[in-house]
Amino acid sequence: MALWLFVFLAVISLVSALGVIVQRNPVHCLLALVLTILALAVLFIALDATVVGFLQIIVYAGAIMVLFLFVIWLLNLQAETGPTGSLALKFFGTIASAALVAELWSFLLRPHLKVKYVGESASYGTLGALSQKLFTDYLIAFEATSILLLAAIVGAVALARRAPGQRDSRQGSLP
Amino acid sequence: MSSIPLTWLLGLSAAIFAIGVAGMIMRRNILVMFMSIELMLNAVNLAFIALAHRLGSMDGQVIVFFVMTVAAAEAAVGLGIIISIFRNRETVQADDLTLLRW
Amino acid sequence: MINFSQINLVWLPVLPLVVIATAAMVVLLVGVRVDDEESDGLGWLALASIVIALVLALGIFGQSGIAFAGAIAIDSFSAFFELSILIAAALTVLMSLDYADEHRLPGAEYYSLLLFSVLGMMLMATASDLIVIFIGLETMSLAVYVLAGLLRRDPRSSEAAIKYFLLGAFSTGFLLYGIALIYGATGTIKLVAIHAALTGPLLSNPLLLLGLGLMLIGFGFKVAAVPFHMWTPDVYEGAPTPITAFMAVGVKIAAFAGFLRVFMVQLGPASAAWTDVMWAISALTMTVGNMLAIVQSNIKRMLAYSAIAHAGYILVALTAGGPQAGGAILYYLLGYAFTNLGAFAVVVALERRGAAGDQIADYRGLATRQPLMAAAMAIFLLSLLGIPPLVGFVGKFYLFNAAVHRGFVGLVVIGVLNSAASAYYYLSVVVAMYMQEGGFLEETRRSRPALVAAIAIALIGTVLIGIYPEPYFTAAGNAYQSAMSPEEVHAATAMAP
Amino acid sequence: MTVEIIASIVKSVLMIVIGLNLSVFLLYFERKGSALIQDRVGANRAGITGLGKKLGLPNLGIINTLVFDPIKMFTKEDFVPDGADKFLHTLAPFLALFPVMITFVVIPFGDTISIAGHQIDLQAANLNAAVLYLLATIGIGVYGIALAGWSSNNRWSLLGGIRATAQMISYELAMGLALIAVITTYGTLDLQEIVRGQGGVYFGWLPRWGLFTQPLAFIIFMTAGVAESKRVPFDLPESESELILGYFTEYSGGKQAVFMLTDFAEQALVAMLVTTFFLGGWQMPWLYRDGFHLPGGAFIAMPALAISIAGILAFLIKVLALCVFLGLVRWTLPRFRYDQLMRLGWKMLVPLGLINLLITAFLVVAVGSAS
Amino acid sequence: MLTAIIFLPLLGALLIMMQSDERTVWNAAFVFSLVPLGLSFYMLWQFRAGEAGYQFVEQYPWIPSLGISYHLGVDGISLFLVVLTTLLITISLFYSAGGDIEERAREFCFFVLVLETGLLGALLAVDLFLFYVFWEVMLIPMYFLIGIWGHGERIYAALKFVVFTMVGSLLMLVAILCLVFSARQHLEHITFDLPMLYQVPLSTTEARWLFAAFALAFAIKVPMWPVHTWLPDAHTNAPTAGSVILAGIMLKMGTYGFLRFAIPLFPEVAVEAIPLFMALAVIGIIYGALVAMMQPDLKRLVAYSSVSHLGFVMLGIFAFNIQGIDGAVYQMLNHGISTGGLFLLVGMIYLRRHTREISEFGGLWKSVPIYAGIFMVVMLSSIGLPGLNGFVGEFLIMLGTFLRLKLAAVFAVTGVILGALYMLWTYERVQFGPITKAVNETIADLNGREIASMVPLIALMLLMGFFPRPLISRIEPSAARLLERVNVAEARLDERRHRAALAATAPRGLDSRILKVAAAK
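Order-wise, the sequence lines are chains D, Y, H, G and B. In terms of this note's numbering, the first sequence opens at residue 20 and continues consecutively. In terms of this note's numbering, the second sequence opens at residue 2 and continues consecutively. In terms of this note's numbering, the third sequence opens at residue 2 and continues consecutively. In terms of this note's numbering, the fourth sequence opens at residue 5 and continues consecutively. In terms of this note's numbering, the fifth sequence opens at residue 298 and continues consecutively.
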């Protein structure tokens, strides 16, 4: 990957990530998040993780974020008018994250950061290689994930379903 | 690719992670808090991919696959919960949730 | 094409998991045709599957090996934790049977989610690879998030769910980041391989250290260690009481299963890096948990803080490390399951719809109105307080013993002082029950044999395991040993008496 | 190297031009074809100042649709409603068009040809994970519409947006399942490979098109594709009688034109995809690299260049035919109700897709993949 | 047999919980307390007088993986305490049945019997873990007894009692664990068995810390000044039977703990700590006496007198000679009997008047002569009148203390005098003089049951006062064996001090000079 591409993507993803937490309108936050996700997806692809990069777009941007959008609509969220969180909290949050990032960087940017290279096969990052791993080494994780998804579906339905006799506080907001 | 050092990638990932943490701490809108969590997960994904690339092992990518799946499941449940709380309380501001002492 | 022989399919060890998963789906399918008000049958179905899984899990004791390409560990460690989890689940189901009816919880979803979370817990207990632990954790957590919010008419319930969810997901982020960095440092996520890789210069690799720290935060949230405990009281108070019990016990056991296997067993060689931090966390957890428990007036909140304190006691042993500590933690968790579930079962029994009856003041005069219930509650509370010969005492004894033997006397002193302080709030309930008059009069209601059975079983467990702890403790010790690699077992036995 | 870059630029432009032209064709067909079906005249101006009529040309209405309509659209007032999110309102149409446009580049419109010693793939971008790319762009396509609906500050628009989003997401699933069955069959994510895999014949005479290899997937994909492009009978997001114009009610002028273009481009895209996956792409029945091998043993030799051109032609013809077919569908079927639409998607197509996938997987393990 | 003594009350307690009729409950409880009493007398009779070691030993493995066994035994120190326990419990139950406890009799009997199990177990356990278990077990029933059937600020008092005691005992638990850990390193196997642990050599610092923890736990229980503050509250607010058991037996657990555990386990530290403990004991004696004198409340007065009396016991123990320890054990018994008796008497009058204010009484001699007579005897026993039991104990203690530390003996004598002073003064205010309050004229004298509860105590006072020999002869061997350990330790300590003194007097500069030379080389 060329340096300019990395810098480009890094800037986009950082700026849009900041956008997520400073925008007042939830929809704008969401779009910023989508942009981050897309930038990262491209970065993934550039890092030879083609399949995962596309999955990132399909699953994250294409499905999860749309779900978020739906909920924003469903709840009819408007831009926050009042202050978003107390000043003290903001201050604390900024300090805390600055500390976190400083610590992480100080650790991660050390020159002697050693990572051993295992060896890249020709099929690195392809669907074939991914599936091969998925259905051998990670079989149990894969199966467990299916159950996780089932549980999540059941759970989401159980919660979002109205309780018998419960009425929605607002009527008829959906087609 | 070898032109980009691993540390830069991890640094980027750390920065995004920290932004997510900051959002989680600073924002009071539950939905935006949730989005911040998604940011964190994305940062994690980036770290996995970068490390996997450097290690030359596919494991990291497989894990990212799982993380995405889990994120999807989490989103479904989380949004379900948000809807249910909105139905009860008509708010998604964390500060308004004071029935239980926070 | 895929070579299936690589996978090393061994079915027997995962059979309990399969049973639970199947049962969850069957409950779901059957439940579609059942009214919410008549969910007893589903509960019994769930209970039956849990019992079957329990029996099957017994079969894993004494085996050793690794299946599914190193993702699943077949050892007594898994078996012991599975057993504890399943016992907790069985008692939870027993106390849910009437509760679900009375509060009109959606039966199919309730029981299937319960089973799903049990599955996640068992997966955490058996996992031998970080990603499976993670997925198990998520399966468990997601199901429990929903269960916490399942009292859909009660705003407190959904509030509990959202708080639990947000902070749970938040902590997941940390856990994952930790996993990522450890993966980077060692090049693998298989615990055994990580263990093997932890030598020499790697131990000071910043990636590893940072990863450890982040994972500590992640697990800290799940076991509700201070300062990652903020969610606990709110969530415990708002959730349906049987689920609160399940969270206080099942989730905690499972989280400790993961915590233990990752930190004590597999990252043991790197223990120098985290012992100090753990020391502080443990001391804080005990102290804050106990101090805040004292000021509570709601019994569920009180028990929540007490659960935090108990996590602190367990962390004492975790800080100490070593085989004795491992066995002690396993034993403690088993005993804790009985005791705490028993206490919650009594809370369930006294609670009325609309959450009346969960104030400590509501327990006034219980001893004269329902002497047996009061006696049971008193015994559970005394066990939590650590009065011999109940299991709570023996467990604490083992924990502190292990810590003393590793030289952590200071921490143990903090622990016992906390233990003494905890007398204040545990006994305040006893005071209300036995020494004060008033309280609210329960409406007459139909007898609830399942709930009574749950309390009785918990009582028997609390007393029996406490009076004669030897076999359980030995089993716990062996279970812990079985999770270690052979050379470590050797080293440990050389050191042990 | 340079040659390849130039080639890919040329191919990309070519592909997009094809796409746009198809859209234009569809626009025209929308006018004139519908009139034909409904037995009315429709667009009826043969030329400016009656010039065409004087020359004796038939009243094809080409000038109306292809010249005046665009002029009208692009000169109309660009109106942003009060209270709308101005930025998103402006962005939305392009957000909708962009993913569709970039999808065209992965579709192979011909076999590899060699020009001056360079092997040139007749596919603008040869991605080895093209199917994923496809799904990704389709997934992104939701945003333009969703945001258009939301940013207009109009209840009907929002409803249209919600409907569109839900519909697209739902049918994406069915589409994905159908595609997974296809890629399982061919064992690749590369569209060119998939098309190549559709060469040859069954039983000595039946082309091995996806249509015959994966009939169920074809039906699902076709249905889902129509739904994705929000055309009748799945046009609930923009159903005039209910929602005025749905998510682009509040759009006018050029931006509305972009939305309409998107619609038609989507339709063209669906046609191309169906062609690629199920109608053999650029494969002509019985045409091999050396010429026709007709059933019954007859053989007609052909030069390589002719074969290549025949392939491109075959592709275009199939796409056009499909476009016409889609137009016919659009003008002959009544609209669904929303719950029917959802039921069809979730209770028919998704289970069907799963079953199809199961059968496919079983067959692939038992027999081996098709390629 | 020891098992039977310990667990019969528990069995009784469980059986009682199944009864509902109040009469049956009382009778059954009485019977179940009588049986251990009989057994303990049988044990007393069978006890071989001249032997120092444990008798009636029972030992079974319990938690072998940690070297914990179910190990019981009785020796001269615990022998009479066991008998005292069974006796006082029987008397309390007998007395309480007569109307002192009116509600929730079943639970009352249950807790008293469980308490008996705990007390006896703690006295008879030879395994540290087992001891600790029983030690904590006795806490809870007492808590309930004070909390449920107490008066006034009973809940506060009960909680204070529990928290105080638990802090001490839990620290002791840590100390036990540390000790066992050292034992494991030294003996190469893990054990909680007391005789085994006696053999563990400890470094001085270690031993000091551990002794401190043990001593704190026992000192709280004794209670020694300044950790005595829970005692007046607990006593004042407890029901009569609770006070009797608390004062009569439970406080002895502290002193017993010193004799059995704290001192023999860490004899050197104990010897080092003599001045400290003697000082505390003396302060306790005088402070207790002075505060008792000021009390307007009869029961509180008796409670503070306990502080004073237990100070004597501690003094005797830390005299570390045969007289002192004999006297201490003897005084433990005396205090159990006489203070138990006093609490019973206070309870009786409280039952009649529902007040314990000394100023409320006066001239009771006239209206309740039997009561006044018995009160006199018990009080004199408490003061230590020659011929009654108290004298023997106090005399032996004084003798021992005098031999060890004359100054302490001098102060302690002050305590004796003060004790006589406030007791007699109280007696005067309560019994003599004119009847100031009209109600006091009409109160009934003791009934049969009440007299019957007092008779055994009075008999014992006289017996022990006139015939101390049979008791002393059984106590002495065990006390002597304890002293052996202490003496050895003392000798060792002296030697070490001597050496240290020698080293200190040696020219300091020499060493440093040598070092310098060495460094230069």
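Backbone N, C-alpha and C define an ideal beta-carbon position, used for all residues, glycine too. Note that the structure is a prediction, hence the values are computed from the model and not measured.
As a quick exercise: from Ile380(H), Leu293(H), Tyr435(H) and Ser423(H), pick the residue whose alpha carbon is nearest that of isoleucine 458(H). The residue labelled residue 458(H) in the question sits at position 457 within the third sequence. Residue Ile380(H) is the option with its Cα nearest to isoleucine 458(H).
Quiz prompt | serine 678(B) versus methionine 314(B): straight-line alpha-carbon distance, rounded | solution = The residue labelled residue 678(B) in the question sits at position 381 within the fifth sequence. The residue labelled residue 314(B) in the question sits at position 17 within the fifth sequence. If I take the Cα positions, the gap works out to 38 Å.
Residues of the segment 61-88 of chain D with Cβ closer than 9 Å to any Cβ of chain H, in chain order
Of all residues in the segment 61-88 of chain D, none has a C-beta nearer than 9 Å to a C-beta of chain H.
> Whole-angstrom Cβ separation of proline 97(G) and tyrosine 255(G), contact assumed at under 8 Å?
Replying inline: For the purposes of this step, residue 97(G) is taken as the residue at position 93 of the fourth sequence. For the purposes of this step, residue 255(G) is taken as the residue at position 251 of the fourth sequence. Right, their Cβ atoms sit about 7 Å apart.
* **Beta-bridge pairing of serine 330(B) - partner residues as DSSP gives them** => Position 33 of the fifth sequence holds residue 330(B). For serine 330(B), DSSP records no beta bridge to any residue.
Handout entry: Where the alpha helix (DSSP H) through phenylalanine 303(G) begins and ends
Key = Reading the fourth sequence from its first residue, position 299 is the one you call residue 303(G). Going by DSSP, phenylalanine 303(G) is part of no alpha helix (DSSP H) but of the beta strand (DSSP E) stretching over 303-305.
Could you work out which residue in Arg451(B), Asn631(B), Arg766(B) and Pro520(B) is closest to tyrosine 833(B) when comparing CA atoms only?
Lying outside 298 to 818, the shown extent of chain B, residue 833(B) is not represented and no answer is given.
Which residues in the same chain as arginine 55(Y) place their Cβ atom closer than 7 Å to its Cβ, once the five residues preceding and following it in sequence are excluded? Against the second sequence, residue 55(Y) aligns to sequence position 54. The answer, listed in chain order, is Leu7.
For this session: Taking isoleucine 38(Y) as the query, report the chain D residues whose CB atoms sit under 7 Å from its CB, ordered along the chain.
Result: Indexing the second sequence from 1 puts residue 38(Y) at position 37. Here the premise fails: no neighbours, minimum Cβ distance about 11 Å.
For this session: Could you please give the first and the last residue of the uninterrupted alpha helix (DSSP H) stretch that includes serine 307(H)?
Result: Taking the first residue of the third sequence as position 1, residue 307(H) is located at position 306. Membership of serine 307(H) in the alpha helix (DSSP H) is indicated by the continuous run 300-321.
message: For valine 93(Y) and isoleucine 31(Y), which I take to be in contact (beta-carbon distance under 8 Å), what is that distance rounded to the nearest angstrom?
response: As a working mapping, residue 93(Y) is identified with position 92 in the second sequence. As a working mapping, residue 31(Y) is identified with position 30 in the second sequence. Confirmed, Cβ separation roughly 5 Å.
**Prompt:** glycine 143(G) touches chain D at which residues, Cβ-Cβ below 9 Å?
**Reply:** Residue mapping note: residue 143(G) aligns to position 139 of the fourth sequence, counting from 1. What glycine 143(G) touches in chain D: Ile76, Ile77, Val78, Ala80, Gly81, Ala82 and Val85.
| task | Could you tell me whether the Cβ of methionine 41(Y) comes closer than 9 Å to any Cβ of chain H? | result | One-based indexing of the second sequence puts residue 41(Y) at position 40. Judged by the 9 Å Cβ criterion, methionine 41(Y) is in contact with chain H.
ask   = Counting contacts by CB-CB distance shorter than 9 Å, is serine 375(B) in contact with chain H?
value = Reading the fifth sequence from its first residue, position 78 is the one you call residue 375(B). Residue-level contact check: serine 375(B) does not touch chain H, since none of the beta carbons of chain H fall below 9 Å from its beta carbon.
Practice item. List the residues of chain Y whose Cβ lies closer than 9 Å to the Cβ of phenylalanine 82(H), in chain order. Key: The count along the third sequence starts at 1 and reaches residue 82(H) at position 81. What phenylalanine 82(H) touches in chain Y: nothing, since even the nearest Cβ is about 22 Å away.
Q) Under 8 Å Cβ-Cβ, which residues of chain B neighbour alanine 375(H)? A) Stepping through the third sequence from its first residue, residue 375(H) is reached at position 374. Under the 8 Å cutoff, chain B gives no residues; its nearest Cβ is about 10 Å from alanine 375(H).
Reference methionine 720(B); option with closest CA among Leu754(B), Ala589(B) and Met611(B): Counted from its first residue, the fifth sequence places residue 720(B) at position 423. The closest CA to that of methionine 720(B), considering only Leu754(B), Ala589(B) and Met611(B), is found on Ala589(B).
- Cβ-Cβ separation, glycine 581(B) to isoleucine 694(B) (assumed contact under 8 Å), whole Å: Here residue 694(B) corresponds to residue number 397 of the fifth sequence, with the count starting at 1. Here residue 581(B) corresponds to residue number 284 of the fifth sequence, with the count starting at 1. About 13 Å separates the two Cβ atoms, so there is no contact after all.
Alpha carbon of asparagine 479(H) to alpha carbon of glycine 328(H), nearest angstrom: For the purposes of this step, residue 479(H) is identified with residue 478 of the third sequence, where counting begins at 1. For the purposes of this step, residue 328(H) is identified with residue 327 of the third sequence, where counting begins at 1. A direct Cα-to-Cα measurement between asparagine 479(H) and glycine 328(H) gives close to 7 Å.
Applying a beta-carbon distance threshold of less than 8 Å, which residues of chain H neighbour phenylalanine 672(B)? As a working mapping, residue 672(B) is identified with position 375 in the fifth sequence. Within 8 Å Cβ-Cβ: nothing; phenylalanine 672(B) doesn't reach chain H, min ~31 Å.
When the Cα of valine 541(B) is compared with those of Leu467(B), Ala514(B), Leu456(B) and Ile443(B), which residue comes out closest? What you label residue 541(B) is simply residue 244 of the fifth sequence in a count that begins at 1. Checking every option, the nearest Cα to that of valine 541(B) belongs to Ile443(B).
Inspect the beta-carbon positions of leucine 556(B) and isoleucine 622(B) and report whether they are closer than 9 Å.
-> Position 259 of the fifth sequence, counted from the first residue, corresponds to residue 556(B). Position 325 of the fifth sequence, counted from the first residue, corresponds to residue 622(B). Inclusion of leucine 556(B) and isoleucine 622(B) in the CB contact set at 9 Å is warranted, their separation being smaller than that value.
**Asked** With 9 Å set as the bound, which would you pick, yes or no: does the beta-carbon of proline 234(H) sit closer than that to a beta-carbon of chain D?
**Response** Along the third sequence, one-based indexing puts residue 234(H) at 233. Taking Cβ atoms only, chain D never reaches closer than 9 Å to proline 234(H), which makes this a no.
*With a cut-off of 8 Å, do at least 3 Cβ pairs link the segment 258-275 of chain H to the segment 140-153 of chain H?*
No, the segment 258-275 of chain H is not in contact with the segment 140-153 of chain H.
Within its chain, find whatever has a CB closer than 8 Å to the CB of arginine 180(D); leave out the 5 residues flanking it on each side and keep chain order.
Within the first sequence, residue 180(D) is the residue found at index 161, counting from 1. Nothing listed; no residue qualifies.
message: Cβ closer than 7 Å: which chain Y residues qualify as neighbours of isoleucine 172(D)?
response: By one-based count along the first sequence, residue 172(D) stands at place 153. Below the 7 Å Cβ cutoff, chain Y contributes Ala77 as neighbours of isoleucine 172(D), in chain order.
| request: Using a Cβ-Cβ cut-off of 9 Å, state whether alanine 179(D) counts as contacting chain G. | output: Walking along the first sequence from the start, residue 179(D) turns up at place 160. So, not an interface residue.
Can a CB atom of chain D be found closer than 9 Å to the CB of isoleucine 173(G)?
As a working mapping, residue 173(G) is identified with position 169 in the fourth sequence. Using a CB distance cut-off of 9 Å, isoleucine 173(G) counts as an interface residue toward chain D.
In three-state terms, what does DSSP make of valine 227(H)? Mapped onto the third sequence, residue 227(H) falls at position 226. When DSSP states are grouped into helix, strand and coil, valine 227(H) belongs to the coil group.
To the nearest angstrom, report how far apart methionine 547(B) and lysine 518(B) are at their CA atoms.
-> The residue you call residue 547(B) lines up with position 250 of the fifth sequence. The residue you call residue 518(B) lines up with position 221 of the fifth sequence. Methionine 547(B) and lysine 518(B): Cα-Cα distance of roughly 8 Å.
For this session: Would you identify the three-state DSSP class for phenylalanine 617(B), choosing helix, strand or coil?
Result: Your numbering for residue 617(B) matches position 320 in the fifth sequence. In the three-state reduction of the DSSP assignment, phenylalanine 617(B) falls in the coil class, being assigned neither a helical nor a strand state.
Item to complete: Give the single residue among Glu8(G), Asn25(G) and Gln42(G) whose Cα lies nearest to the Cα of tryptophan 335(G).
Response: Start at 1 with the first residue of the fourth sequence, and residue 335(G) comes out as number 331. Of Glu8(G), Asn25(G) and Gln42(G), the residue nearest in Cα terms is Gln42(G).
- Message: With H, G and I counted as helix, E and B as strand and the rest as coil, what does DSSP make of aspartate 397(B)?
- Response: As a first step, residue 397(B) must be located in the fifth sequence, where it is residue number 100. It is helical.
Using a Cβ-Cβ distance under 9 Å, would tryptophan 209(G) count as near chain D?
By one-based count along the fourth sequence, residue 209(G) stands at place 205. No, because no Cβ of chain D sits closer than 9 Å to the Cβ of tryptophan 209(G).
*Length of the line joining the Cα atoms of glycine 121(H) and valine 289(H)*: The residue given as residue 121(H) occupies position 120 in the third sequence. The residue given as residue 289(H) occupies position 288 in the third sequence. Taken atom to atom, the span from the alpha-carbon of glycine 121(H) to that of valine 289(H) is near 29 Å.
*asked:* Counting only beta-carbon separations shorter than 9 Å, does isoleucine 132(H) have a partner in chain D?
replied: Here residue 132(H) refers to the residue found at position 131 when the third sequence is read from its first residue. True, the Cβ-Cβ gap to chain D drops below 9 Å.
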